[in-house]
Every structure is written in C-alpha cells, then in structure tokens.
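K.L.:
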Amino acid sequence: MKIFNSKLQVIEEASEKIAFFMMETEGTYVLHLPLLKQEPIYLGAYKAEDQILFTNPYSAECIIGYVKDNKVYASKFVNEDGVGFKPNENSMLMQFESYSDLLVFKQTGDTSFSIYDYTGSYIESVHDLATFSLSPHVIQRDLGLTTVEYRFLTIGKIQYDQFYIFIIYDLFRKELVTHKVIFTVLMNKPNLDYSLSGPNSLDFEIEGLMKNINLKKIARKSIKIADKTYLEKYRNIHLLGIIKVNGVKYYLHNRTKGIYLSQGKPTKISSFHPNLKARFFGENLYIFGRSTHYAYKASGVYDYLYAGTEGAPLAKFIRPFNFKLVRRYGFFKVPVSSLNVDNRIHTNLYLGDKKTILHNLKLNIRPKKKKTLDFKIFGDQVNVIRTNVRGDLTSTILSKSEEYTFINRNLIFIANAISKWLPKTKENINLYFEKKSMKADESAIRVFEQVMKEKKLLSKNYFILSKDAENYQTLKKQYKKAIVRKYSFKHYYLTFRASNLISSELSNHLLNDRLYIDVIREKINTIPLTFLQHGIMFAKPVDNPMAFGFHKDKNVFNMRKSVISSELEAGEFYKMGYDRDDLILTGLATFDHAKLNENADKIAFMPTYRYWEEGLIYRGLIEQTTYYTQIIRVIEAFEKKGLLDRLLIVPHNKFSEHIYENMKEYQHIISNNPSEALKNSIIFITDYSSAIYDATFRGAYPIFYWEEKEYLINQYKAIPPVNDENAPGAVIYDLDHLMKKIDDIISLNYKVEDGIMEKYQQINTFMDRKNTTRIVESLQQENIL
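Numbering (the UniProt record's numbering) for the sequence shown: 1 to 785.
1. Helix, strand or coil: how does DSSP classify R633 here?
2. Using C-beta distances below 7 Å, list every residue in its chain close to G198, excluding the 5 sequence neighbours before and after it, in chain order.
3. Using DSSP with H/G/I as helix, E/B as strand and the rest coil, what is R255?
4. Suppose you measure from the CA of I536 to the CA of D694; what does that come to, to the nearest Å?
5. Starting from F463, trace the beta strand (DSSP E) in both directions and tell me its first and last residue.
6. Just tell me which of R279, L363 and I742 has its CA closest to the CA of D734.
7. Would you list, in sequence order, the uninterrupted alpha helix (DSSP H) runs of no fewer than 4 residues that lie entirely inside the stretch 193-279?
8. Do T309 and I243 have their C-beta atoms within less than 8 Å of each other?
9. Could you say which of I632, S562, G642 and N360 lies nearest to K265 if we only look at CA atoms?
10. The beta strand (DSSP E) spanning N680 covers which residue range?
11. Is any heavy atom in the ligand GTP found nearer than 7 Å to the beta carbon of R485?
12. Check whether the Cβ atoms of H593 and I622 sit closer than 8 Å, and answer yes or no.
13. Does the structure place the stretch 375-391 close enough to the stretch 413-431 that three or more beta carbon pairs sit under 8 Å?
14. When DSSP builds the beta bridges, which residues end up paired with H179?
15. For D374, write down the residues that DSSP places opposite it in a beta bridge.
16. Does the distance from the CB of residue 814 to the CB of L506 come in under 8 Å?
17. Taking the C-alpha atoms as reference points, what is the distance between E399 and T347?
18. So within the stretch 676-752, which uninterrupted alpha helix (DSSP H) runs reach at least 4 residues, ignoring any that extend past its ends?
19. Indicate the three-state DSSP secondary structure (helix, strand or coil) for M757 in the structure shown.
20. Would you identify the three-state DSSP class for D768, choosing helix, strand or coil?
21. Assuming S270 and G330 form a contact by the criterion Cβ under 8 Å, report the distance between their Cβ atoms to the nearest whole angstrom.
22. Do V650 and M606 have their C-beta atoms closer together than 8 Å?
23. Determine the burial state of D581: buried for a count of at least 16 other Cβ atoms within 10 Å of its Cβ, exposed for fewer.
24. Which same chain residues, not among the five before or five after A226, have their C-beta less than 7 Å away from its C-beta?
25. Just checking my contact of I52 with Y66 at CB under 8 Å: how many whole Å lie between their CB atoms?
26. Measuring CB to CB, does I397 end up less than 8 Å from N383?
27. Kindly indicate which three-state DSSP category K316 falls into: helix, strand or coil?
28. Let's test the definition: count the other Cβ atoms within 10 Å of the Cβ of K759 and tell me whether it reaches 16, buried, or not, exposed.
29. Drop a sphere of 10 angstroms on the beta-carbon of F538, count the other beta-carbons inside from all chains shown, and report buried for 16 or more, exposed for fewer.
30. Kindly provide the ranges of any alpha helix (DSSP H) runs that are 4 or more residues long and lie completely inside the stretch 510-588, ordered along the chain.
31. Specify the secondary structure class of Q781 as computed by DSSP and reduced to three states.
32. Just to confirm before moving on: does the CB-CB distance between A74 and P40 stay below 8 Å?
33. Pick helix, strand or coil for E657, following the three-state DSSP scheme.
34. Quick check on P34: does DSSP put it in helix, strand or coil?
35. Between D374 and R279, which are expected to be in contact by the criterion C-beta below 8 Å, what is the C-beta distance as a whole number of angstroms?
36. Quick check: the Cα distance between K370 and G699, rounded to an integer number of angstroms?
Structure (structure tokens):
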C-alpha cells in the first residue's frame, strides 16, 4: 500500500479488509474489499481538500482511497483500456489538453488516467494525479522523433482541481516523464484568470494584457507585470493576489510604479520593520513596541495576530496614538489560554489582515534565534514564548517542571553567577547521569561505579540523581557527596562548572529533555559528552526523518565520543556523518551486568514504539493504533496455543497502562519495566528494538517478527540495517510460523544456533563482560579522569 496523506494511519490491511484512521478527525474508515464493484463505495465524511489518500495494487487491479467533496470513497481500477468505466458524480473528472498527436490520454478510472500511443496501444496508467507527491513517472518509450532542434517536447496536460501533470518527452533518453505541479490560487482580489501552460510557465491576463511568466526566472526576485494605470480601482490595496506552485508562494502586489509579481519572503514584500518585545503579565501575553509595514499601501493592514495557520485572529494590534511618528507603536494583548491550539506543543505566531495570514511574526529585523523570551506557569503547564531556529516567535506549552519554579530559576541564576566569579579548577569535573537524571540502572551508573574504584583520579566525579529514584538512598549512603540530588543548588553549580558529561542519554537529560531556560541549556550544549548509548545502534534505520537530529551536522550537543560495539555498528554512525575518531569501540557498559535469572521462562514480545502514532495515543485512541492491534493479535495467538501465562508483553508505557486498566484478564502478562523483562525472558521477540541484542547477550533466543515489515519501512521512510541476511535470530513473517517456531525452540531447550551467534558477534564484538573497563581506560587515555 502506498500512502499519500501523512495523517492516515493503517489499522488493518488484509485480503478482504482495509481499515484506516485519519488523525485530525479521529475517524475510522473500513473498506470490505468483496463489496467493491464498479461504483465507488462511500466510507465516511472527512473535511479535507480533494485528494487521493492511498493506492493498493492487487494483481491487475488497484484499490484507491480518495477524498472528494469532503467524503471518503474507495474505488477499484480494473483495466487500462477503460472498458466498462463510466464517470459518475463521485469521480474526479479530469481535463485533458494535447499539444501533439503522438499520444492520447483518457480517463480510465474514478481517479486514474491512461496513456496510449497514436495507434491506440496502451502505454501506462497513472493513479496519483490528485496527490501531494511530486515524484515523477519515467516511462521508456521511443516515439520515433529524430529532431536535434530541441531535446524536450511537452505533449500534454492533465488536470484535476489544483493538481496538474505535464507529459514531457525526452528525445535524448527516449523516455516519457510526468512532471507534477500543484497550483493553487490563495488570494485573487482582482479575479484574474491564471493558468499553467508548462511546469514553470504561468499565464494570466490583466485587463486585456496577456502575460506569460517563466517562474524559474523570478526565484527570489520581483518582475514588473503592468504599469500603474492597470487595475486602477485596486491601487489602494497592497496585496492583490497570492498563488502557490509546488509549495512556493508568489505575490502579486502594488508598488509605487506599478504591479509586480514577487517570489520571496513576505516580510520583505510588505517591508516589515518591527521592534517588539514579548512578556507575560497576569493571564495575558503582551507583544508590544513598533510594528510597521512600509510597503506601498501596507501600513496598518497586517495588524492581526494568528496562532498557527488556521482559525480566526487572536488579537488586533492596538495603536493608542494616531499621530504620524507614534502611531507605529502599540501592542497585542493575548489571553494565555488562547495559545493552546489543539494541544500542540509548539505553535508559531503569524501576522496578517483580518482574513489572510501573510507572514511569521518576528520581533525585529535580525532576531536572535532559539532564545527564550519569557515563560508563565499556568496551572499544571508552562507556557514558553521564544524564538525558533529561524527567529520566528513561537509559543511552546510543556508539562510543569521543577526547573521553571521561582526558587529553581533563582538557584540557576546564582549558580551561574558564582561559577563565573570563582576561578577554574585544575581538576576536571565529570558529571554522570541517565534519563532526565531520574534513575541509575544503565551504563552511566556502571561507568561511575568503576571510576569510583580507581585510586589515582585527577578529576572530581559526580552522579546526578533524583531523590525519588528507587536506589537514591542506597547510592547516597555508599558514595556520599558524589551523589548529587537533582534540582539542588549543587546540581546547577556543577553544571556550570562541568568539564565533561558521561551518559547513556544525550546532554539535555542532565536536567530535562525539553529545556527552555537559555543560560543553563546553552551551557549544557557546550559541555563535551561521552555518549555511552543504551542500546546497539543496529536496528531502526538511522536515516529516518526522526533520527536526523542525531546526525553530526544537526546535533546541537558537543558529542566528544560515542561508544560502539562493533565495526558494523560504526557503519551506522558513518551514515550520520561521524568519522572513526568520534567513536570508541568498547561495547556497552550495561552488558557487563546483563544476565538471565536462573528460573527465566518468559517469552517477551517488545514491539518498537511507532512514533507516527503519537497523535492517536494522545487523543486516547490507543485501540486504533497498529501497535495495539498487533499486540492484541499476539496475545490471542498465545492464548489459543495455551502459552498465555508464559507471554510477557513489554510495550510503550502508554500501552501498558491502557491494557492494565482496561483488560484485567491480561494484567499479569504486562511489564512496564524492560530491564526486569530482559532478566526473565528466555525467548525475546521484537521487530526493530535494539533490546534484542541485550536479550541475546543474556542467553535468550532471539526472534525478529516482521509481519509488518513493509508497513514499518514505509513509515520510517528508510530501510533498517538489520535484514534477512544479517539478522542474528530467527526471522518470522506471520503469526502461524511464529507460534510454530516457539514450539521448536522450546522442544530444543532454547538452544541458540551457532549461525545466529556468529551473526550476533558481527554486531556485538565483545562477550567478555569487560566493556566498562575498556570505557574507563578510554576516559583515562583522553585525560578525562
């Protein structure tokens, strides 16, 4: 199945049924394939632009889900010649223009068209006209043209709504190429007639004046379209129109000397020159100072503030004075509660007129980027007003956290001041921590404990830990002052004095994963980090979009070294831009203590968290996720086999909570502690969790369960490094084979084959439980200790 809408989540894809979910509306749609005949089937309402949602080929047929007139339909494309197809009111009726008699185009399905040569011979069908994907189709075909006067020939144009496909023939390569253009008129005050005559060719008419514009020639430029004598009744308006071509906006606007078409920043087109500040006072956000648009007829027009790109304005810029020099000054008054838009964490702020958004709000022409301006504790939330990476004003809403309280903000301020005043020490100050400094059970505590055994240390070493951690008192009693309580003055002071960070997490976890107190965040980001990892990086693909923040050129942290377990794993770091000097081959410290309990008999199932389903989770629609449905199917299979009591489900905490609270009969098979599950599992099943390498090291039998492999790869938008050839475990593709394999493993007393272990040691080189020693030796060689 090919999905064209990122808001679509597949719930079930089977031979007789397709079920999916649309996140904005929380609507579920079910298609029973045997019911799908010639006519489209209505699946439900969905308020959205007309578009194709997915295509799913079945041998000679193709199942297509699409939106038309705010309704979801499913259609079946039967054959390329269009025999039996009759357009109906639910079809996407296409328009065809031919510029040559070399090819013929014909609509052959509700959302599809087919291409034929001049003899009527079929060439290919296209199903993705009405999608937001710009991927071309390339079709090898010799049309018999031999001219050398030109290389490319535009043969035809197919249009539905905002979607255009131009069919272009490459005479040199002897191939047909489709060029998709998504063309939208967002504003058209003079009601001009726009059209596309090529992928980069825009035609329109102004009062009898015909214009053809090559859009490539006005990239980040302005060109004069007409003299000021045209459209005289619109001369008192700054912005006449906005068009969007493949995501790029073009602005038709008045200037003193006439009408211009511009492609560039709307702040430049409107000549926006602000000098503003943003502060919380009481239960309101005030944005105050000078807000001026100097462009022709733009003054005082774009005075409306928007949160996000949809909805009505939040506030109008109030200008208390109407005198020439001071009417540029004023303020927005925005209730804090109105900044919470659909429970989003981050919401950008925009300026526009009463009906249309024009541009992001910046506080000045060259704003400081990634700066926190102010924050307000509002109930159990913290509302942060800040600038983002582009310098635009952004509202961020977080759960209330200790560091934002008045006392802690003052402790941070004092610690920073004292750290600057006191001279630097000759000894390194090394800080160790784990996830949000809330626990101590992974590699960081193992390395810390080994370091504390060393007798000739030339450094001071501290472990940062919350007093709420289960082992805080035990560790405090053993290591005394070397255990530093999270949120204490000493925690903040040592942060500002630190020479090195040593952790299985990234640097921000020294305090919190999302941190918007600039003075301490900026300091944390500069401290060299030895990254111990909490799993071998050879499972999920590192080139998936969600992992880009860890790539070397995008990593905001000062990552000095990263621990790896094999040269094979090093290859994953090379993909992310790291080189060999950035890595230390030692193995993971946590593996030194990884063991199975003597009576371990559980069969653990730990599917990897599917981050793209977070929208469903936070809406309380867990049962609509593919993650949940797969877990339930596995539970039912084990129950049918009589192995339920041996099954141990190790899901993401939200799922464990849901199953525990709503399915009492399965409470006993849910584990919310992966560390404990690893100790008790003699068989370990996952799709792409790196925990399988930990389990194998302990002695568990590893199974890679890839029934949904294709779906996961499509969602990751990248191919995982572990595959059928190198996977160190049994590779299973369906539930029946999974249950059969488990029977076989049990009958053979859980013996892991030599071939599996050979592959395993390609991924995890070290089996001697001396990883911590190697890490400490590396720290000594680097003069960190």
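Note that CB positions come from ideal geometry on N, CA and C, so glycine has one too.
P.N.:
A quick look at the data gives this:
1. helix
2. T154 and F166
3. Three-state result, R255: strand.
4. 8 Å
5. S459 to L465
6. I742
7. 266-269
8. No, they are not a contact pair.
9. N360
10. Segment P674 to N680 is the alpha helix (DSSP H) holding N680; no beta strand (DSSP E) there.
11. By its list of ligands, the structure shown contains no ligand whatsoever, and the ligand GTP lies outside what it can speak to.
12. In this structure, I622 does not lie closer than 8 Å to H593 by Cβ.
13. no
14. F166
15. Answer is I385, bridged to D374.
16. This structure gives no information on residue 814, because the portion of the chain shown stretches from 1 to 785.
17. Looking at the sequence itself, residue 399 is Ser, so the reference to Glu does not match. One C-alpha to the other measures close to 15 Å.
18. 691-698, 709-716 and 735-747
19. helix
20. coil
21. Rounded, the Cβ-Cβ distance is 17 Å, inconsistent with contact.
22. yes
23. exposed
24. Excluding positions up to five away in sequence, the list reads I206, L209, G258 and I259.
25. Cβ atoms of I52 and Y66 come within 8 Å of each other, at about 5 Å.
26. yes
27. strand
28. buried
29. So F538 counts as buried.
30. 518-526 and 567-575
31. helix
32. yes
33. helix
34. Looking at P34 - three-state DSSP - the assignment turns out to be helix.
35. Indeed, because the Cβ distance is near 5 Å, the residues count as touching under 8 Å.
36. 47 Å
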